[in-house]
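Counting from 2, one number per residue, gives the positions in the sequence shown under the working numbering.
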Amino acid sequence: MSTSHPAPPAASAPLPSTDRPDVTAALRDALRAASFTADGLLELLGASAYAALARSEVVPALRATRGDTPLEALVRLFLLQQPVPLARVAAALPVEACVEAGWLTRAADRADEVAATVDVRPYGGADGDDWFIVSDLGCAVGGAGGIGSRQESVVLGVGGASTTLAGLTVRTPVGAALDLGTGSGIQALHASRHATRVTATDVNPRALHVTALTLALSGAPAADLREGSLFEPVPEEETYDLIVSNPPFVISPDARLTYRDGGMAGDDLCRTLVQQAGGRLNPGGFAQFLANWQHVEGEDWQERLRSWVPRGCDAWIVQREVQDVTQYAELWLRDAGDHRDDTARYQSRYDAWLDAFEARKVKAVGFGWITLRRSEAPEPSVIVEEWPHSVEQPLGDVVRAHFDRVDFLRAHDDAALLAGHFRLAAEVVQEQVGLPGAEDPEHVVLRQYRGMRRATTVDTVGAGFAGVCDGTLSAGRILDAIAQLVGEDPVALRDRTPAQIRLLVEQGFLEPAG
Numbered sequence: 002m003s004t005s006h007p008a009p010p011a012a013s014a015p016l017p018s019t020d021r022p023d024v025t026a027a028l029r030d031a032l033r034a035a036s037f038t039a040d041g042l043l044e045l046l047g048a049s050a051y052a053a054l055a056r057s058e059v060v061p062a063l064r065a066t067r068g069d070t071p072l073e074a075l076v077r078l079f080l081l082q083q084p085v086p087l088a089r090v091a092a093a094l095p096v097e098a099c100v101e102a103g104w105l106t107r108a109a110d111r112a113d114e115v116a117a118t119v120d121v122r123p124y125g126g127a128d129g130d131d132w133f134i135v136s137d138l139g140c141a142v143g144g145a146g147g148i149g150s151r152q153e154s155v156v157l158g159v160g161g162a163s164t165t166l167a168g169l170t171v172r173t174p175v176g177a178a179l180d181l182g183t184g185s186g187i188q189a190l191h192a193s194r195h196a197t198r199v200t201a202t203d204v205n206p207r208a209l210h211v212t213a214l215t216l217a218l219s220g221a222p223a224a225d226l227r228e229g230s231l232f233e234p235v236p237e238e239e240t241y242d243l244i245v246s247n248p249p250f251v252i253s254p255d256a257r258l259t260y261r262d263g264g265m266a267g268d269d270l271c272r273t274l275v276q277q278a279g280g281r282l283n284p285g286g287f288a289q290f291l292a293n294w295q296h297v298e299g300e301d302w303q304e305r306l307r308s309w310v311p312r313g314c315d316a317w318i319v320q321r322e323v324q325d326v327t328q329y330a331e332l333w334l335r336d337a338g339d340h341r342d343d344t345a346r347y348q349s350r351y352d353a354w355l356d357a358f359e360a361r362k363v364k365a366v367g368f369g370w371i372t373l374r375r376s377e378a379p380e381p382s383v384i385v386e387e388w389p390h391s392v393e394q395p396l397g398d399v400v401r402a403h404f405d406r407v408d409f410l411r412a413h414d415d416a417a418l419l420a421g422h423f424r425l426a427a428e429v430v431q432e433q434v435g436l437p438g439a440e441d442p443e444h445v446v447l448r449q450y451r452g453m454r455r456a457t458t459v460d461t462v463g464a465g466f467a468g469v470c471d472g473t474l475s476a477g478r479i480l481d482a483i484a485q486l487v488g489e490d491p492v493a494l495r496d497r498t499p500a501q502i503r504l505l506v507e508q509g510f511l512e513p514a515g
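See the structure below:
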């Protein structure tokens, strides 16, 4: 068998038919019966070879699939894009039906071998579902990095951005969900589990076809698939309870690659997406995006993002990473495989990126998450923060709880806050930092071991307050007791402490106790 790297995809290559549900169902059953699942793949390959696939390294996986089991044949066929003897595939799949429906093709130079026409990647879905993500050849292994050279309308498989957004999304039951820029359909697939109706759009018609295949092969309900850019395919009167998008957010000097380049100047695509989302949300509905934004010389990046938030929406925006313009250009040039071109062409494209950034006075690019929630509150809550540290996915419940706390704090003035009862959130610990032997610590830090895994510095009053919050006593009663212990005026302590309580509630260290 050949052990060459998968060939670059041809965007015009025929895709499997969406009109043969019988064949798709038979293929799905056969894949699951052979343990061609996320768990089965990990068990077969081992952690090292499995991790290597995400780095576009296929050799360890090829070595791990040199046996003759049906699962090894399927991994080589659908994930590593190797031709496999027809007789071996026939032991696992209905070969002739799969060839007829376009999932497989006869190998060009060997009549006794078949090859896959698309990548199929096992994916562990919600509630332990065994799902399958379809993409163009070469696009499942290592995401974008596995393709080599790029075709303009290529459809990528699952990457880190896709799984990040899926983990962030609020998963409450909803009537209508919209996936903008669906790509291979992973967000639509997740939404199908908790939305009565799912609409998915993409400017690339090939992506819509691939999404239909992903949904069908995973056994999910069909989505309403519409071609067009941003909200163009969605009439203004259509509103949704959930909007998600992993858009083509890369800030590039051109629109060469459909899957990543938005075709607008700078970060205008992300700004437009966010600003237009507010009017398409039902009351209480969420819109959640991944985005890039420019750090412009002489401009506060946080104010830039606040200006994006549409009227009538609360927002929580988290910057996860910042790259200077040279790092950013190199990242995406490598993503496109441009570093494999001749040196002169690579340098010319690199120059074009830096010229575009210089013209707009961009010094760095931020990456992060944007969540909007449609609200009727007269004073919206807009929180823009930087948190580059590790978090615990999935975060959908954490996102929903953040906005629940926003509502609570908005409804409680300081007097009501002091009358309220609170409890310390689960898995919050206190750390004291100071010189060995010192009578008092220099800093007292509260640290979360779940969700956002935040850490915040508190004074001795804040630490003492958090430590006794078990829902029994009101906040005011606790402060009165602390005042007596430290010899402070209880009225003064009540006056100055609500701001600290609000921060601890806002960041999830304290929870309202009923």
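Just so you know, even glycine gets a beta-carbon here, dropped at the ideal spot from N, CA and C.
In the three-state reduction of the DSSP assignment, Gly-161 falls in the helix class, which pools H, G and I.
From the listed residues Ala-217, Val-506 and Ala-224, the smallest Cα separation to Asp-180 is found for Ala-224. Between the region 327-334 and the region 279-292 there are fewer than three C-beta pairs closer than 8 Å, too few to call the two in contact.
Using a 10 angstroms sphere on the CB of Ala-427, the tally of other CB atoms stays under 16, which defines it as exposed. By the Cβ neighbour-count rule, Leu-42 is buried, with 16 or more other Cβ atoms within 10 Å of its own. Taking a 10 Å sphere around the C-beta of Pro-206, we find fewer than 16 other C-beta atoms and assign the residue as exposed.
Checking the DSSP bridge columns, you'll see Leu-63 has no partner listed. Rounded to whole angstroms, the separation of the alpha carbons of Arg-33 and Ala-117 is 17 Å. The continuous alpha helix (DSSP H) containing Gly-47 extends over residues 39-55. Judged by DSSP secondary structure, Cys-271 falls within the alpha helix (DSSP H) whose first and last residues are 269-278.
If you draw a straight line from the Cα of Asp-20 to the Cα of Ala-213, it comes to about 10 Å. For Tyr-241, the three-state secondary structure derived from DSSP is strand. In the displayed model, Gly-465 falls within a helix according to three-state DSSP.
By the neighbour-count criterion, in which a residue is buried when 16 or more other Cβ atoms sit within 10 angstroms of its Cβ, Gly-229 is exposed. Between Phe-409 and Thr-457, the gap from beta carbon to beta carbon reaches 8 Å or more. For the pair Ala-162 and Gln-188, the CB atoms are not nearer than the 8 Å cut-off.
Every beta strand (DSSP E) of 3 residues or more that sits fully in the region 372-402 is shown, in chain order, as 383-387. Annotation for Val-399: Gly-452 and Met-453 place their beta carbon closer than 7 Å to its own, counting only its chain and skipping 5 residues before and after.
Here Asp-471 has Arg-424 as same chain residues with Cβ atoms under 6 Å from its own Cβ, once five neighbours each way along the sequence are excluded. Here Cys-470 is not bridged, per DSSP, to any residue.
Apart from the 5 residues on each side of it in sequence, Ala-93 sits with its Cβ closer than 7 Å to the Cβ of Ala-31, Ala-35, Pro-71, Ala-74 and Leu-75 in its chain, given in chain order. Residue state for Ser-246 is assigned as strand, using DSSP reduced to three classes. Around the C-beta of Pro-499, 16 or more other C-beta atoms lie within 10 Å, and the residue is accordingly described as buried. Under DSSP, the beta-bridge partners assigned to Arg-227 are Thr-202. Excluding its 5 nearest sequence neighbours in each direction, Glu-114 has C-beta neighbours in its own chain below 7 Å: Pro-84, Val-85, Pro-86, Leu-87 and Ala-108, listed in chain order. Minimum Cα-Cα distance from Arg-478 among the listed residues Ala-412, Ala-91 and His-422 corresponds to His-422.
Spanning the alpha carbons of Arg-56 and Ala-62 requires a straight line of approximately 12 Å.
Uninterrupted beta strand (DSSP E) stretches at least 3 residues long and entirely within the region 325-377 occur at 363-375, given in chain order. Annotation: Val-59 to Val-90 spans about 20 Å, alpha carbon to alpha carbon. Apart from the 5 residues on each side of it in sequence, Leu-226 sits with its Cβ closer than 7 Å to the Cβ of Ala-201, Leu-209, Thr-212 and Ala-213 in its chain, given in chain order. Following the DSSP letters along the chain, one finds Gln-295 inside the beta strand (DSSP E) bounded by residues 282-297.
Residue environment for Arg-497: exposed (fewer than 16 other C-beta atoms within 10 angstroms of its C-beta). For Trp-317, the secondary structure class from DSSP, reduced to helix, strand or coil, is strand.
By the Cβ test, the region 338-347 is not in contact with the region 369-384, since fewer than three Cβ pairs between them sit closer than 8 Å. In this structure, DSSP gives Trp-132 an extended state, which the three-state scheme calls strand. If you ignore the 5 residues before and after Ala-53, its C-beta comes within less than 6 Å of the C-beta of Pro-61, all in its own chain and listed in chain order.
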